[in-house]
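J.:
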Amino acid sequence: MIRTGKIITAGLMAAVLALAAGDVNAKDKVKVGFIGPLTGGVAVNGIGGRNSADLAVKLRNADSKAKYEYELVVLDDECKPNVAVQVATKMAADKDIIAAATHYCSATAIATVDTYHKFGFPVIVWGAVLPDITYRNKYAEVHRVNGTMINQNDANADLISNLGYKTVAVIHDTTDYGKGHNEYFSKALAKIGKAKIVGTFGVTAEQQDFTAELTQIKALNPDVIYFGGLTPIGVRIRSQMDKLGIKAVFDATSGIVSDAYIQGLGPLAEGTLAFREGASTEKLPGGKFFMEKYNAQKYDNPPEAYGAFAYAAMDMILNTIEKVGPDRKKVIDDLGHVIDRDSIVGKITFDDHGQNTVAMITKYVIQDGKFVEWDESEYASGKRKLPGQK
Amino acid sequence: MAEGAAKGENARAPLWPGLAALAAATVYLVALLAAENQALIISLLAAGIAAVLTAAWLRLLDRASHSFMDHEDALGGFAVLAALSVAVFFHEDHFVLLLVITVLLYTVATLGLNIQFGYAGVLNFAGASFFGIGAYTSAVLNAHTAIPHLVVLAIGGVLAALIGSLLLLPVLRTRGHYAAVVTIAFALLFKTFLEVNDVLGGPQGMQVPGMKIFGWTFNDNIEIGSISLSFYMNYYVVSLLLLVGAFVVVRRLERSWIGLNLDALRLDETAASCFGLDVVRWKITAFLIGNFIIGIAGALFGMVGSFVAPNNYTFADSLILVSILLLGGIGNPWGLIVATVIVVVVPEKLQTIQEYRFLLYALLVIAVLLFRPEGLLPRPIRRYFPGWRP
Amino acid sequence: MTQLLEARGLSKRFGGVLALDGLDLDVALNEILGFIGPNGSGKTTFFNVITGIYGADAGSVTFNGADITNAAPRAIYNIGMSRTFQRSRLSLPLSIFDNIMIGNHKRLNQGLWFNLVRRGEFKREFEASYRAARALVEVFEPALASRMFEPVAGLPMIDRRRIEICRALISEPKLLLLDEPSAGMTHDETAELMNDILLVRERNKNLTIIIVEHEMGVIERITDRCVVLNFGRKIAEGPYREVASDAQVQEAYLGVA
Amino acid sequence: MDVGLFAQYVMNGLMLGMMYALVAVGFTLFFGVLDVIKFSHGDVVTVGAFTALAAFAGLHALGFNSPWLDLVVMLAIAMMAMAALGMLIARYLVMPLRSAPALNTLLITLMLGTVLRESVRLFYPQGGNPKPFPALLPRNSIDLGSFNLRLDNLLMLAAGGLVIVGLQFLLNRTKLGLAIRAVAQDEETARTMGINFTAIVLITFAIGSGLAAFAGVMNGLYYNEINFGIGLYLGVIGFSAAIIGGLGSIYGAILGGFLFAGLQTIGTVLLPFASAYKDVFAFAVVIAIMAWRPTGLIQEKISERV
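Chains as they are written, first to last, in this note's numbering: chain R, 11 to 400; chain B, 184 to 573; chain L, 142 to 398; chain P, 148 to 453.
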């Protein structure tokens, strides 16, 4: 836990002895890492993920059969690419940390893959959905348990077209995440060919006031406003739509699937569409087990949409270390062929890019302050109607 | 100070207090960098503060500063040795080396700022922007051209100076707070521009290819027989050279008629112009040289960090540079080094309270401004030649 | 005898106020001219106009044969005119030596290359300047000569005045403008300072001085000739005794009815 | 561009401008009396907004549910709390530094801003997330073509206008205002006139910070969402606005505020589909203005410090 040699040469013998005394005749300690946004607008998702990863470690340490005692090193990427590269470097550069579950924000995940590759540091992405993270390069170090944004945008375009909407205005944040959403959604929509995009607006994550963009959109008068971005600006844009009396459907992505979105908008959140890959936590194979254990820990945050994936990623890392020992190279090799491994999010199979193939997509609509699966919602049954819904 | 200088007139201060101070500081720094256990770090910090206070109380600090005044060249040499020994000590510890490199390059940047603000009194609240211009220069040139990377560093500096000269007219015409707003506006403009303009990667930022000099690739670890050195060693050496160079330039500048001119125009433009001083010429000189130095540091830092994004170069970052200047003691290069270590290393080491580090850091600066407004190491009276006697 | 400075019809207006109203003035080479008048009669304004701090609204100034009307302060300094200020304007954090060197600007090599790289030559120039400055300071106050590298902030008013005068003299100007050197000093200190000034004059015969002063004793003692200003106009001129006895002056200035 | 759309842009600009102006007025007041820039001002806006939100929560816990009552109480509490905060800042951070270079004041208040911002983020429950701000004003709206005229916007504009007029009255028609202006003109003379300098400074900071709280609540009502970051941006823009207007001039600050909002709006109209560049445009114009008018558009007091 401390670089004894160096501390001694640093003339701090006493301190070392004091600290070393703690570890006498314990299991070998092994460090594993977690990186996610613990501060900033999407902090809840990051903290939910951290708690879930922490849960995986706690349960493992409680298990007497475990070979090692695990210590979780947590770093905050603030959902900013530059910070992410810094903390990723910090973690990958620390030889004592064997592997990590990393990143909720695609902008940070895509920025760090080269760093992980440079340092030969195995990671499993637990929340970021941009395809490029696994597919741009073929890095043996990088894996992902959750699916990519491609399928969710197909499902999204599908739903919009089937509901009979004709015109869509796109707002996306100008990180790779937002651009990716814009790209895949536009493609999917064009493929179906029923609705057309009347305008595309790039906005920056720090932006507070969107009335300018929305006023232009109002002039274009679309049926649907598609939003490819994360909760904070999602909340702002939705409430400012209301200010300008824009009635269009607010059609968002996995980026806003978070209780913070509903808290942030109150009644205005009603009728917002959102999509997420994988089944909703309750319906996951291990969902019930996960929720029980999670609540037992009395964390002050819910696991949020991707908590289960963070748990699965961390659990897979721990399994691998138990199997091959605390050695980065061996861990990378073992993660090289993951086929049908059981996890609380179902069977996990990594393709040659380390991407878990999650075909299933969950469609959400916000109803009475809750994310409700579309097919079970009163909107699908026709009991309620979205603006302009036939 | 005064009576110290009076002593200095007749007797040369001995070398050993400075040497002792330097040695103590080095050992302490090594200890701080090596320590990982939070309790240990916190007690180290407490001990450090206590030590400094007692030293000040026993007037040991004055003696040290006097021997620095009289034996600066010798002590400068020892300082370089100290820096190298730190590097040797952590020769394979990537992250610590990166941290120290950050200190070195931030110091270079603040040296540039010091010429502008500390000497000429030309405000620059866009330091981070000019740093960023350098970084983006190396990002673009390294990726798309074959220009030798040492030349790229120079180009980074030149570009920073050139783009900075766009501000010359308003900077020269305005005074005080009005001058402040010019650079503040530029800082915000610059960051927003990077964010909304896709050619330079937008908010996502860009990867920066590593440095190569005469076919020597900086991003490969160095294997000498059995010992392996972190690849950061390469950058460490170059950064140290850059710092020494900048330090010498700034020192000679201060200890020349030019330094005198800059002080004169800062303190009383009208009086200075009544004694033949060309205010405009010297303001321009200071502003351009300063930005040039900042730009070079930025260009190298871009290559070290291997990644640039708008969020690295915000107004807040410029403020950090300025607060380093104030913490250290405006106009005192040695103070800058100490202040940079505090500002860069301490928050990094206090990771367990990572959520609170900005808060604490801000409180620290407030305390210093209240109780030691002239900075930790106030600038001593100008000595044109260290140890010179009539 | 030849004129060093000639002002013709010099006018300066601040808003509604005519600070200088068509002032004609001749200053002869090597004389000490006393410049007196009530507060706000335009004495300091005159200094500020001929040293180029303010532009003149009308009129012309010739210095040593050259037209310097509305020239930049530095140009005027470079051709041999330097001054002190009514409110002492030293650079307080800087050392005595630095402050004096500010006045030595035109004789110091200002080249970047010279200052940064040719340190050997720089050292020679520095040591020469140090000797010069020290010698000059010794004239005024030998005690200060050993404290050349202390900040002036720590010095009493009289010493600051001395440094300020040294700053003005170090470049060996033809014309020295003294703006109320006695301001903020005791009677004795003033007397002391005037002796020093006269001493400098002894050594450097061709130094012309214009002195603005309220202490009539000083004026009487050191000036060859006086000019009295009121409302920016010259109301009297001549040796102190004549001027002092002039009824107009007494009314306007000495307040004696 | 059709009229409705144009009207919509004007309305957006006016709302922004009103908020900027209220913040800018604070900057200019502080500068007037003390020649300092209090950069924590923007974050006082944030704290004000969050105080109001807390008050709202409290009221609901107590079972009050009338929007008007809520609004009045929230405003009162927030403005009083911020006034107190402003006084504390002036007394213990700004005034002790009067002898130091003005940059120190600028920096210490910037750091205080960080402290306030971080405190909201860390100590307000879930302070890191965007918070919904209750829509307490009547939300009826009329659709005039593509222009959606909202009653609450009108009310806010009116309220903001009233506040500014009231401030003008206070400054120009009352003894207190006279004292403030005297101090702003020249501290020494003011003292000799028997004015209690410290008291006036504190009161001025109280007023300015109260305005900040008002702006914060207005921001919340307008966007129906507040987060710990709103102050930083508002602060910087308010500062720029006060500067281009001319430090020390109330009219200048108001002019600057609306000018800046105008620039941003024009930026969007001129650069359709590149509206993100609007801030680049706005700040570029600010720099140009500084080059053209080095002491601001309406100059009352030159800042020789820093």
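Using N, Cα and C, we set each Cβ at its ideal position, and we do this for glycine too.
Fair warning: this is a prediction, and the values are worked out from it, not measured in the lab.
Which whole-angstrom value is the C-beta distance of residue 46 of chain R and residue 153 of chain R, which I expect to be below 8 Å?
T.: Contact doesn't hold; Cβ gap of about 16 Å is too wide.
J.: Counting beta carbon pairs with one atom in the stretch 471-488 of chain B and one in the stretch 414-427 of chain B, are three or more of them shorter than 8 Å?
T.: Touching, yes, given that three or more Cβ pairs across the two stretches are closer than 8 Å.
J.: Which stretch, first to last residue, makes up the beta strand (DSSP E) that contains residue 305 of chain B?
T.: Neither: residue 305 of chain B is in no beta strand (DSSP E) and is coded neither H nor E.
J.: Counting only the same chain and skipping the five closest in sequence on each side, list residues whose C-beta sits under 8 Å from that of residue 355 of chain B.
T.: The residues are 463, 466, 467.
J.: Here's the rule I'm using: 16 or more other beta-carbon atoms within 10 Å means buried, otherwise exposed. How should residue 196 of chain P be labelled?
T.: Burial call: buried.
J.: Is the stretch 261-274 of chain R touching the stretch 228-242 of chain R, taking contact as three or more C-beta pairs under 8 Å?
T.: Flag = yes, the stretch 261-274 of chain R and the stretch 228-242 of chain R touch.
J.: Look at the alpha carbon of residue 278 of chain B and the alpha carbon of residue 104 of chain R, and state the distance between them as a whole number of angstroms.
T.: Between residue 278 of chain B and residue 104 of chain R, the C-alpha separation is close to 7 Å.
J.: With a threshold of 16 other CB atoms inside 10 Å of the CB of residue 299 of chain B, please say whether the residue is buried or exposed.
T.: Its Cβ being crowded by 16 or more others within 10 Å, residue 299 of chain B is buried.
J.: Which class does residue 229 of chain P belong to by DSSP, given the choice of helix, strand or coil?
T.: In this structure, residue 229 of chain P counts as helix in the three-state DSSP scheme.
J.: Using only the alpha-carbon positions, how far apart do residue 543 of chain B and residue 501 of chain B sit?
T.: Cα to Cα, the separation comes out at about 19 Å.
J.: Is it right to say residue 361 of chain R is buried, meaning 16 or more other beta carbons lie within 10 angstroms of its own, or is it exposed?
T.: The residue is exposed, with fewer than 16 neighbouring Cβ atoms inside 10 Å.
J.: Identify which residue in B/412, B/196, B/207, B/228 has its Cα closest to the Cα of residue 528 of chain B.
T.: Selected option, being the one with the closest Cα: B/228.
J.: Compute the Euclidean distance between the alpha carbons of residue 366 of chain P and residue 166 of chain P, then round it to the nearest angstrom.
T.: Taking the straight line from one Cα to the other gives about 7 Å.
J.: Put residue 399 of chain B into one of helix, strand or coil per three-state DSSP.
T.: Here residue 399 of chain B sits in strand by DSSP.
J.: Got a sec: which bits of the stretch 242-253 of chain P sit with their beta carbon under 9 Å from any beta carbon on chain B, in order along the chain?
T.: Under the 9 Å Cβ criterion, the stretch 242-253 of chain P contributes 243, 244, 246, 247, 248, 249, 250, 251, 252, 253.
J.: Taking Cβ-Cβ distances below 7 Å as the criterion, which residues of the stretch 269-290 of chain R are in contact with chain P?
T.: Hits within the stretch, in order: 270, 273, 274, 275, 276.
J.: Cβ of residue 356 of chain B less than 9 Å from any chain L Cβ?
T.: No, its Cβ sits nowhere closer than 9 Å to a Cβ of chain L.
J.: Name the chain P residues that come within less than 7 Å of residue 50 of chain R, Cβ to Cβ?
T.: Those are 275, listed as they occur along chain P.
J.: Against residue 441 of chain P, what residues of chain C qualify as contacts under a CB-to-CB distance less than 8 Å, listed in chain order?
T.: The structure shown contains no chain C; its protein chains are R, B, L and P.
J.: Closest to residue 76 of chain R by C-alpha separation, out of R/390, R/354, R/335, R/395, would be which residue?
T.: Here the closest residue by C-alpha is R/335.
J.: So does the stretch 434-452 of chain B actually touch the stretch 243-258 of chain L, counting three or more Cβ pairs closer than 8 Å?
T.: Enough Cβ pairs lie closer than 8 Å, so yes.
J.: Helix, strand or coil for residue 398 of chain R? Go by DSSP, reduced to three states.
T.: Correct three-state label for residue 398 of chain R: coil.
J.: Can you pull the chain B neighbours of residue 242 of chain L, defined as C-beta to C-beta under 8 Å?
T.: Going along chain B in sequence order, the residues near residue 242 of chain L (Cβ under 8 Å) are 440, 443.
J.: Start and end of the alpha helix (DSSP H) containing residue 439 of chain B?
T.: Looking at the DSSP string, residue 439 of chain B is not in any alpha helix (DSSP H), and its letter there is neither H nor E.
J.: Determine the DSSP secondary structure at residue 115 of chain R, reduced to helix, strand or coil.
T.: Three-state DSSP puts residue 115 of chain R in coil, outside helix and strand.
J.: Given 8 Å as the limit, is there contact between the stretch 286-300 of chain B and the stretch 503-512 of chain B, that is, 3 or more CB pairs closer than that?
T.: At 8 Å Cβ cutoff, the stretches touch.
J.: Near residue 190 of chain P, which residues of its chain fall below 6 Å by C-beta distance, leaving aside the five closest residues on each side in sequence?
T.: Cβ within range, chain order: 260, 263, 264, 378.
J.: Measuring only the C-alpha atoms, how far is residue 341 of chain B from residue 187 of chain R?
T.: Those two C-alpha atoms are separated by around 34 Å.
J.: Can you list the residues of chain B that residue 251 of chain L reaches, using a CB-CB cut of under 8 Å?
T.: Near residue 251 of chain L (Cβ distances below 8 Å), the residues of chain B are 440, 441, 444.
J.: Kindly say whether residue 192 of chain L, judged by its beta-carbon, lies nearer than 9 Å to any beta-carbon of chain B.
T.: Closer than 9 Å to some Cβ of chain B, the Cβ of residue 192 of chain L qualifies, so yes.
J.: Tell me the DSSP bridge mates of residue 278 of chain P?
T.: Residue 278 of chain P pairs with P/373.
J.: Quick one: what does DSSP say residue 293 of chain R is sitting in, helix, strand or coil?
T.: It is helical.
J.: Would you call the CB atoms of residue 415 of chain P and residue 226 of chain R closer than 9 Å?
T.: Taking 9 Å as the Cβ cut-off, residue 415 of chain P and residue 226 of chain R qualify as a contacting pair.
J.: Residues bridged to residue 182 of chain R by DSSP?
T.: Answer is R/212, R/238.
J.: Kindly indicate the opening and closing residues of the beta strand (DSSP E) around residue 144 of chain L.
T.: Segment 144-155, the beta strand (DSSP E) holding residue 144 of chain L.
J.: Helix, strand or coil, according to DSSP, for residue 303 of chain R in the structure here?
T.: Helix at residue 303 of chain R.
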